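**Student:** Line by line, the protein sequences are chains Y and S.
Going by this note's numbering, the letters in the first sequence line up with residues 6 to 346, in that order.
Going by this note's numbering, the letters in the second sequence line up with residues 6 to 346, in that order.
For each residue, glycine too, the CB sits at the ideal point set by N, CA and C.
What you are looking at is a predicted structure, and each value in this text was computed from that prediction instead of being measured.
Number of protein chains: 2
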Amino acid sequence: MQPGNGTESPVNPGLVLDMLNAYQRTAALKAAIDLDLFHAVGEGPGDVASIAQRCSASERGIRILCDFLTINGVLVKDEAGYRLTPSSAVFLDPRSPACLASIAQFLGNPAMHGAYDNLAEVVRAGRTNLPGDGTVEPENPIWVQFAEKMAPMMGPMAGPLGKVVLDGKSGPMRVLDIAAGHGLFGIEIAKQNPQAHVTGLDWAPVLRVALDNARKAGVHDRYNMMPGSAFEVDFDGPYDAVLLTNFLHHFDRPTCVGLLQKIHAALRPGGQCATLEFVPNEDRVSPATPAAFAMTMLTTTAAGDAYTLSELTSMYHEAGFKGTSGHPIPMSPHTIVTGHA
Amino acid sequence: MQPGNGTESPVNPGLVLDMLNAYQRTAALKAAIDLDLFHAVGEGPGDVASIAQRCSASERGIRILCDFLTINGVLVKDEAGYRLTPSSAVFLDPRSPACLASIAQFLGNPAMHGAYDNLAEVVRAGRTNLPGDGTVEPENPIWVQFAEKMAPMMGPMAGPLGKVVLDGKSGPMRVLDIAAGHGLFGIEIAKQNPQAHVTGLDWAPVLRVALDNARKAGVHDRYNMMPGSAFEVDFDGPYDAVLLTNFLHHFDRPTCVGLLQKIHAALRPGGQCATLEFVPNEDRVSPATPAAFAMTMLTTTAAGDAYTLSELTSMYHEAGFKGTSGHPIPMSPHTIVTGHA
């Protein structure tokens, strides 16, 4: 989507104009989701008048919005009107089980956007200008929203993560799911292994979302809640596996190493720690999606980052882990990184 | 820059994530301009520590910002650090005479961004949710900012526009520059033809910017000011040429035709009207930059649009013009459209 490192087209002021207007793309996708437009286009017919009627909106507004979404690759336009692209059919049509539309509510949270109103000041200071330590402040309510709204994005990672962690193993096992959020990662282990017992650790209001999901999956009798901070609670080991998803990126290296040491101490010998992260290449500017995630960490945390595989490996090793390896998840910007105690 | 109509990459949720986070790109470019970062990188050295020192900013902030700008194609990164791209050297380094950095202040105007806070409502209503008729409200102060801040973007169009309008003609001529703004288009005619007299029409506070520019160009003795609305003032013809730049897109077709008729009546027989516009192809979704401009017209006006060449031609003809033709400006998203009285 972005031009990328050194792959620029000929000199053209359009690049500057497009980048200064990029905020319109965020607004357009949110508006289309709010209007249930991908549902209307997915069902068809795809002419402006029909879509406008379905969305209870003006024809001028729908025509300009649909053209803008076409320019940005989430619709296709031909003589008959507009159609979904393969990606928007899967990820934006609410009829699709993989629909991600709800993530707009988390990613569009004004509390997160506010950090960008004076980004120059954030760059000067080198840390979030949100209150305290930003998103990692104790009991920050955005994590309830994360658990509720980001589940459709994180759910598809649960299968691959479960497969890596179980790796053919069955029988009784104890699993600790740190920063459990929606709980889907631990729940997947409980589903794949009927003798697994899972403990979800997160702020108490967040764990209510996880427990709800455990109930829906029918595994709540093997799901325990451990409310509190991962840095403060007693993990109550030993565990066969610890899941550490979407968490390390919020903290600086010493904090990450300290937490990994605490996890190492709570694992049985041979037990496994599995992190799920945005892991850019060592150049830190590719692939675009995981590399760009460092900006979110700059604006919302005091010292977090999108760590490379060599950085994560080094943290694991310093904490005493062996056999660290990275497992990119196909068709996703995420990577699983594992280490053994 | 954008994926475009039907040219999508394989199914990937990254597209949704990137679009929901696109607002970060706007913030990043504004922050880099605020920090004078393109100046620092342009002069070098391009390592993080040197740039951070030059920008009085943290190394963490600069490193993450520079990586983000690299991902988005306005910097290049290699072992030695960061460098400007060909486009950012021309359009973002303040040492370049073509630097566009000031346009961030117009395009980043909170009054314009506010229209995007509830874009779904704008699409429902089919018109701006700004007060009154949005940016075309009489005496709207944003046009002073446009005249001051957008001049670097519009200046390079003045040469090509002057060439098309003069077309080898010399000798005494009268030119009316409607919505003169910075005045650069009319001033260019006065510079190219020492016997041309130019009348700039715009709101009075805007014309002060134009007159300043006429003075700097040494043509103020042949520059007259006509303050007021193009729809209300007496044009005081006949003219040899009328410039109508960045104006028709704010209005609906009947309003455009009415204005073109008034212009036709103020031209000598054979005289020329020249518009400068974002003109998308007939599919309205390419090229990306002029096509996407329709979104700005949806959010900031009651009934404006990015008109195609066939639509503009049809308006010209209905107003009585002959020999209408389009002249794309190389290396720019703009097109000149001319018609003869």
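Any residues in the region 295 to 317 of chain Y with a beta carbon nearer than 7 Å to a beta carbon of chain S? Which ones, in chain order?
**Tutor:** Flagged, chain order: Ala296, Ala297, Ala299, Met300, Leu303.
**Student:** Thr306(S) by DSSP, collapsed to three states: which one?
**Tutor:** Counted from its first residue, the second sequence places residue 306(S) at position 301. Coil, per DSSP.
**Student:** Would Ala116(Y) count as contacting chain S if we go by Cβ distances under 8 Å?
**Tutor:** Counted from its first residue, the first sequence places residue 116(Y) at position 111. Chain S, which has no Cβ nearer than 8 Å to the Cβ of Ala116(Y), makes this no.
**Student:** Count the other C-beta atoms from every protein chain shown that fall within 10 angstroms of the C-beta of Met6(S), then say buried if there are 16 or more, exposed otherwise.
**Tutor:** As a first step, residue 6(S) is located in the second sequence; it is residue number 1 there, counting from the start. Unreliable placement is indicated for Met6(S), whose pLDDT of 38 sits below 50; no coordinate value is reported for it.
**Student:** For Met155(S), count neighbouring C-beta atoms within 10 Å of its own C-beta (all shown protein chains included) and say buried if the count is 16 or more, exposed if not.
**Tutor:** Mapped onto the second sequence, residue 155(S) falls at position 150. Its Cβ being crowded by 16 or more others within 10 Å, Met155(S) is buried.
**Student:** How should Pro8(Y) be labelled, buried or exposed, when 16 other C-beta atoms within 10 angstroms of its C-beta is the threshold for buried?
**Tutor:** Here residue 8(Y) refers to the residue found at position 3 when the first sequence is read from its first residue. Residue confidence for Pro8(Y) is low, a pLDDT of 49 falling below 50, so the modelled location carries little weight and cannot support an answer.
**Student:** Check the DSSP bridge columns for Gly205(Y) and list the partner residues they point to.
**Tutor:** Indexing the first sequence from 1 puts residue 205(Y) at position 200. BP columns for Gly205(Y) point to Asp182(Y), Met230(Y).
**Student:** Measure the Cβ-Cβ separation of Gly47(Y) and Ala94(Y) and say whether it is below 8 Å.
**Tutor:** Start at 1 with the first residue of the first sequence, and residue 47(Y) comes out as number 42. Start at 1 with the first residue of the first sequence, and residue 94(Y) comes out as number 89. Against a cut-off of 8 Å, the Cβ pair of Ala94(Y) and Gly47(Y) comes out as a contact.
**Student:** Using a Cβ-Cβ cut-off of less than 8 Å, list which residues of the region 179 to 213 of chain Y approach chain S; keep chain order.
**Tutor:** none
**Student:** What alpha helix (DSSP H) runs, 4 residues minimum, are completely inside the region 113 to 199 of chain S?
**Tutor:** 115 to 118, 124 to 130, 147 to 154, 156 to 171, 189 to 197
**Student:** Can you give me the Cβ contacts of Thr204(Y) inside the same chain, cut-off strictly under 6 Å, excluding the 5 residues immediately before and after it?
**Tutor:** Mapped onto the first sequence, residue 204(Y) falls at position 199. So the qualifying residues of the chain are Leu181, Asn229, Met231.
**Student:** Could you say which of Leu171(Y), Leu249(Y), Gly66(Y) lies nearest to Ala125(S) if we only look at CA atoms?
**Tutor:** Taking the second sequence and counting its residues from 1, the one referred to as residue 125(S) is at position 120. Of the listed residues, the one whose Cα sits closest to Ala125(S) is Gly66(Y).
**Student:** Nearest-angstrom Cα distance between Glu144(S) and Ile183(S)?
**Tutor:** Residue 144(S) sits at position 139 when you count from the first residue of the second sequence. Residue 183(S) sits at position 178 when you count from the first residue of the second sequence. Cα-Cα distance, rounded: 15 Å.
**Student:** Can you find the residues in the same chain that come closer than 8 Å, C-beta to C-beta, to Cys60(S), ignoring five residues on each side of it along the sequence?
**Tutor:** By one-based count along the second sequence, residue 60(S) stands at place 55. Contacts found: Leu40, Asp41, Leu42, Ala45, Ile67.
**Student:** Whose C-beta lies closer than 6 Å to the C-beta of Gln197(Y) among residues of the same chain, with five residues either side of it excluded?
**Tutor:** Residue 197(Y) sits at position 192 when you count from the first residue of the first sequence. If we look at Gln197(Y) and ignore the five residues flanking it on each side, its Cβ neighbours are Gly167, Leu171.
**Student:** Do you know offhand how far Gly263(S)'s Cα is from Glu287(S)'s?
**Tutor:** In the second sequence, the residue the question calls residue 263(S) occupies position 258. In the second sequence, the residue the question calls residue 287(S) occupies position 282. When rounded, the distance between both Cα atoms is 23 Å.
**Student:** In the DSSP assignment, what are the bridge partners of Thr90(S)?
**Tutor:** Your numbering for residue 90(S) matches position 85 in the second sequence. Note: Thr90(S) sits in no beta bridge, so no partner.
**Student:** Just to check, is the beta-carbon of Val169(S) closer than 7 Å to a non-hydrogen atom of the ligand NAP?
**Tutor:** Within the structure as shown, the ligand NAP is missing, as the structure has no ligands at all.
**Student:** Could you work out which residues of chain Y lie near Leu34(S), taking near to mean beta carbons separated by less than 9 Å?
**Tutor:** Walking along the second sequence from the start, residue 34(S) turns up at place 29. Around Leu34(S), the beta-carbon contacts reaching into chain Y at under 9 Å are Val21, Met24, Leu25, Ala27.
**Student:** Buried or exposed for Lys221(Y), going by 16 or more other Cβ atoms inside 10 Å?
**Tutor:** Walking along the first sequence from the start, residue 221(Y) turns up at place 216. The residue is exposed, with fewer than 16 neighbouring Cβ atoms inside 10 Å.
**Student:** In whole angstroms, give me the CA-to-CA distance for Arg88(Y) and Asp23(Y).
**Tutor:** Residue mapping note: residue 88(Y) aligns to position 83 of the first sequence, counting from 1. Residue mapping note: residue 23(Y) aligns to position 18 of the first sequence, counting from 1. Rounded to the nearest angstrom, the two C-alpha atoms are 24 Å apart.
**Student:** Less than 8 Å between the C-beta atoms of Ala246(Y) and Gln277(Y), yes or no?
**Tutor:** Numbered from its first residue, the first sequence carries residue 246(Y) at position 241. Numbered from its first residue, the first sequence carries residue 277(Y) at position 272. Going by C-beta atoms, Ala246(Y) is nearer than 8 Å to Gln277(Y).
**Student:** List the residues of chain Y whose Cβ lies closer than 7 Å to the Cβ of Ser61(S), in chain order.
**Tutor:** Here residue 61(S) is taken as the residue at index 56 of the second sequence, counted from 1. In chain order: Arg129.
**Student:** In whole angstroms, give me the CA-to-CA distance for Asp52(S) and Gly78(S).
**Tutor:** Within the second sequence, the letter at position 47 stands for residue 52(S). Within the second sequence, the letter at position 73 stands for residue 78(S). Cα-Cα distance, rounded: 18 Å.
**Student:** Which residues share a DSSP beta bridge with Ala103(Y)?
**Tutor:** Taking the first residue of the first sequence as 1, we reach residue 103(Y) at position 98. Ala103(Y) is not bridged to any residue.
**Student:** Would Met320(S) and Cys261(S) be called neighbours here (beta carbons separated by less than 8 Å)?
**Tutor:** Translated into the one-based positions of the second sequence, residue 320(S) becomes position 315. Translated into the one-based positions of the second sequence, residue 261(S) becomes position 256. Closer than 8 Å, so yes.
**Student:** Whose C-beta lies closer than 7 Å to the C-beta of His322(Y) among residues of the same chain, with five residues either side of it excluded?
**Tutor:** Within the first sequence, numbered from 1, the residue matching residue 322(Y) stands at position 317. Cβ neighbours of His322(Y) beyond the five flanking positions: Thr329.
**Student:** Output yes or no for whether 8 Å exceeds the beta carbon distance between Thr31(Y) and Leu25(S).
**Tutor:** Along the first sequence, one-based indexing puts residue 31(Y) at 26. Along the second sequence, one-based indexing puts residue 25(S) at 20. Contact flag set, yes.
**Student:** Contact defined as beta carbons within less than 8 Å: I believe Val128(S) pairs with Ala36(Y). What is the distance between those atoms, to the nearest angstrom?
**Tutor:** Residue 128(S) sits at position 123 when you count from the first residue of the second sequence. Residue 36(Y) sits at position 31 when you count from the first residue of the first sequence. With 8 Å as the limit, Val128(S) and Ala36(Y) qualify as a contact, their Cβ atoms being about 6 Å apart.
**Student:** Please report the straight-line C-alpha distance between Met178(S) and Leu272(S), rounded to a whole angstrom.
**Tutor:** Within the second sequence, numbered from 1, the residue matching residue 178(S) stands at position 173. Within the second sequence, numbered from 1, the residue matching residue 272(S) stands at position 267. Each residue's alpha carbon lies about 11 Å from the other.
**Student:** Assign Ser291(S) to one of three DSSP states: helix, strand, or coil.
**Tutor:** Position 286 of the second sequence, counting from 1, holds the residue named residue 291(S). In this structure, Ser291(S) counts as coil in the three-state DSSP scheme.
**Student:** Below 6 Å CB to CB, which residues in the same chain sit around Ala57(S) once its five sequence neighbours on both sides are set aside?
**Tutor:** As a first step, residue 57(S) is located in the second sequence; it is residue number 52 there, counting from the start. For Ala57(S), where only same-chain residues beyond five positions count, the Cβ hits under 6 Å are Glu64, Ile67.
**Student:** Mark Val342(Y) as exposed unless 16 or more other C-beta atoms lie within 10 angstroms of its C-beta, in which case mark it buried.
**Tutor:** Your numbering for residue 342(Y) matches position 337 in the first sequence. Classification of Val342(Y): buried, given that the 10 Å Cβ count is 16 or more.
**Student:** Compare the C-beta of Phe96(S) with all C-beta atoms of chain Y and state if any pair is closer than 8 Å.
**Tutor:** On the second sequence, position 91 is the one that residue 96(S) refers to. Output row for Phe96(S): interface = yes.
**Student:** Ile69(Y) versus chain S: which residues are under 7 Å apart at the beta carbon?
**Tutor:** Your numbering for residue 69(Y) matches position 64 in the first sequence. What Ile69(Y) touches in chain S: Ala299, Met300, Leu303.
**Student:** When we look at the beta-carbon of Pro157(Y) and count the other beta-carbons within 10 Å, is it buried (16 or more) or exposed?
**Tutor:** Mapped onto the first sequence, residue 157(Y) falls at position 152. Under this definition Pro157(Y) is a buried residue.
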